Structure formats: structure tokens, C-alpha cells
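Below is one structure, written out as C-alpha cells; comments come after it.
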Amino acid sequence: MQIGYKLAAEGYGPQEIIRQAVQAEQAGFDFVEMSDHFHPWLDAQGHSSFTWSVLGAIAARTSTLRLATGVTCPTVRYHPAIIAQAAATMALISDGRFTLGVGAGERLNEHVVGQGFPSVRGRHERLREALEIIRLLWQGGYQSYEGRHLQLEDARVFDLPDTPPVIAVAASGEASARLAAELGDGLFATEPEASIVEHYRRAGGSGPRYAEAPLAWASDEHQAVQAVLQTSRWMVTGWKVMSELPNPVNFDAASAYVEEKHIRQLFAIGPDPEPHVAKVRSYVEAGFDHIVLQNAGPDPDGFLNFFAADLSGRLRALG
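In terms of my numbering, the sequence shown opens at residue 96 and continues consecutively.
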């Protein structure tokens, strides 16, 4: 099992994100995963730097830490040709330590370029075409593509690694899990649902299986809960809300009802390692083998120290 640290790009500025990544390597994490957003979920978070620049800086400052996007939408705000080029460059400058996590996207980030936001079916159709374009460009040479939604005209990525980056495709059900098996090299999910892994495997998927585990560490439980309520309560709203709302102000309104009891249902809370171990165990038992610790607590350094001293050994024993 591999254990990753979620870089909360919406909660910290780019210099701090780079610093945390370096500290995560020193604390013993295997990889870091960074979201690829234009907006934060809530104005209270206050940040959302350009992921690809930050990941490049992290690659230059680390030596063993693997890097991943979690996840990039390669269909609206970006054209897949740009992501094919960006991911190939990241693979080169990180000496093969990069994984491209992709998904169908959220309106929060994609509507900003003024092209609207497709239906669920349209998003999945575009994601399939984007993956086909990325794979095509990674073959080398000049390539063209004529899809229903996306086109490519006489394009070539000149700097390609000897081995293409792993592509982990975000899935929440059978159709997206099949797509991950067909056109991806791995799976990405946010819930400990064994059915997602089963669909992936039945469709022939055999690669790494990434999942995010929601945790909130603090020196006392009250601090942890309050931090989640301030910056991360949007996570309680569920994917149908998270994919559709356009701006932080909408997420603020949609999550206004969230109370401590809702936070405790989703997050492992507080300084005791056992709830955190139990949360991660639920993902391992569901079949995931690359677990991302998504700490919503108020003290990232405290959490990194907690991981190194009290959590790492217990978690690794699960795998």
C-alpha cells in the first residue's frame, strides 16, 4: 500500500504548498496529490494557485516523493493536447514520479472560460475523447483527431518520456470505472465503495487504485471539528452538488446546514490515531491501495508530525 498526502491548494498559497510537500517527503509519505482548481470551494479557504507550476516546483525540491493531480479535467478549461504536453513534461522533470489523475470536472472550475458546462453524459463523452487524444499524442509524431466534441489538428508533443505517465481515471460508478479500465492505467475515487473497485476489475483494470480518506487532526476534537466547519464543510454536500455549483458563494449557501454531527459522520476527528486508522482501513478493505490522507485540520505541521510518529506504522500494517 502507498500512502499519500493531499495538498490543500484551496487552503494555502503556493509557497506554503511547496513547503508542505517537502515536509511530507521528510515525514515518510510516498506521494502527494494536488487538486487542479481555478476557484476554491469556499471563500474562507482563500487560495487556488496554478497546480502545474506548483507541482513543477515540488518536483525540483524533492527526490523520492511521487506526484499526482487529483484530479485534472482535460476537456473544458484545458484542451487535452495541453494536458498531454503538461503531463509529459512533469514526467520528465520528476524523473518518472508523476501520475496524471483525470476526471469529468466540476462547474466550479470549468465554467470560467465561458463555454458552459456539459451534462453528465456530455462530460463522460468528452473525457473519453480527451483520453484518446492524450494517448494518441503520447505515441509520438504529428497527430490529428476528429471527435464529436473535441478535435486535434496536426499536433505533436516533442518532449516525451520513455515511459508515459500513469493515468488514473476518477470513477463513481460502473460506467466511469469501465472507462478507467479501458483507457486509464489506474482508478481514482473518493468513497470507500468496494463496488467501484469491483466494476474496475471486471472491466479488466489491474492498475493502482487511488482514494481520498477525509481526516481532521488537531490537538483536541473541538478544534478539528471547527476547522472542518470553517473550510471543508462542502465535502458533506455530495458529488451531485459538488459537480454542479458555479462559485464559492453557492457552496457557502449549500453547506450552511452542515453541523458537527455531519462532520463526524464523514471525517475521522481529533488526536487519537485509532479513528484515523479505522477510516483508512475502510478504504483498504474496499480494495484501494493508494490512500490519500486529506487532512482538514488547522495545523498541517502538527498532522505531518502525527503521521510520522503515530500513524504511519499503523497504516502500513493495514496493507
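Every residue gets a Cβ at the ideal spot worked out from N, C-alpha and C, and that includes glycine. All of these numbers come straight from a predicted model, not from anything done at the bench.
{"Check": "Just tell me which of Val207, Gln389, Thr332, Leu162 has its CA closest to the CA of Ile113.", "Outcome": "Leu162"}
{"Check": "What number of angstroms, rounded off, separates the C-alpha of Gly141 from the C-alpha of Gln325?", "Outcome": "12 angstroms"}
{"Check": "Between Leu232 and Val261, how many whole angstroms is the CB-CB distance? I'm expecting something under 8 angstroms.", "Outcome": "Not really, about 16 angstroms apart at Cβ, beyond 8 angstroms."}
{"Check": "Is Gln389 buried or exposed, if buried means 16 or more other CB atoms sit within 10 Å of its CB?", "Outcome": "buried"}
{"Check": "Are the beta-carbon atoms of Leu282 and Ala289 separated by less than 8 angstroms?", "Outcome": "no"}
{"Check": "Take every Cβ of the region 214 to 227, pair it with every Cβ of the region 236 to 252, and state whether three or more of those distances are shorter than 8 angstroms.", "Outcome": "yes"}
{"Check": "Let me check understanding here. Comparing Cα to Cα, which of Gln121, Gly236, Phe126, Ile364 lies closest to Val320?", "Outcome": "Ile364"}
{"Check": "Assuming Val353 contacts Arg376 (C-beta within less than 8 angstroms), just tell me the rounded distance between them.", "Outcome": "That pair is no contact at about 25 angstroms."}
{"Check": "Using only the alpha-carbon positions, how far apart do Leu302 and Glu201 sit?", "Outcome": "Residue identity differs from the one stated: residue 302 is Gly in this sequence, not Leu. C-alpha separation (whole angstroms): 25 angstroms."}
{"Check": "Please report the straight-line C-alpha distance between Leu222 and His206, rounded to a whole angstrom.", "Outcome": "16 angstroms"}
{"Check": "Identify the residues that DSSP records as bridge partners of Ala250: which are they?", "Outcome": "Gln238"}
{"Check": "Quick check: the region 143 to 159 against the region 103 to 121, are there 3 or more CB pairs under 8 angstroms?", "Outcome": "yes"}
{"Check": "If you follow the beta strand (DSSP E) that Met185 is in, where does it begin and where does it stop?", "Outcome": "Careful: Met185 lies outside any beta strand (DSSP E), inside the alpha helix (DSSP H) at 175 to 188."}
{"Check": "Counting C-beta neighbours from all protein chains within 10 Å, is the total for Ser130 16 or more, i.e. buried, or is it exposed?", "Outcome": "buried"}
{"Check": "Considering just the uninterrupted stretch of the beta strand (DSSP E) at His385, what are its terminal residues?", "Outcome": "385 to 390"}
{"Check": "Whose C-alpha, out of Pro395, Pro175, His294, is nearest the C-alpha of Glu227?", "Outcome": "Pro175"}
{"Check": "Helix, strand or coil: which one does DSSP assign to Leu282?", "Outcome": "strand"}
{"Check": "For the alpha helix (DSSP H) holding Leu195, just list the boundary residues, first then last.", "Outcome": "Unbroken run through Leu195 is the beta strand (DSSP E), 193 to 197; no alpha helix (DSSP H)."}
{"Check": "Which same chain residues, not among the five before or five after Glu339, have their C-beta less than 7 angstroms away from its C-beta?", "Outcome": "Arg202"}
{"Check": "Report yes if the C-beta distance between Ala284 and Ala306 is below 8 angstroms; otherwise report no.", "Outcome": "yes"}
{"Check": "Provide the residue span of the beta strand (DSSP E) that contains Gly99, from first to last.", "Outcome": "97 to 102"}
{"Check": "How far does the alpha helix (DSSP H) with Met337 in it extend, from its first residue to its last?", "Outcome": "334 to 337"}
{"Check": "From Gly299 to His385, what does the alpha carbon distance come to, in whole angstroms?", "Outcome": "19 angstroms"}
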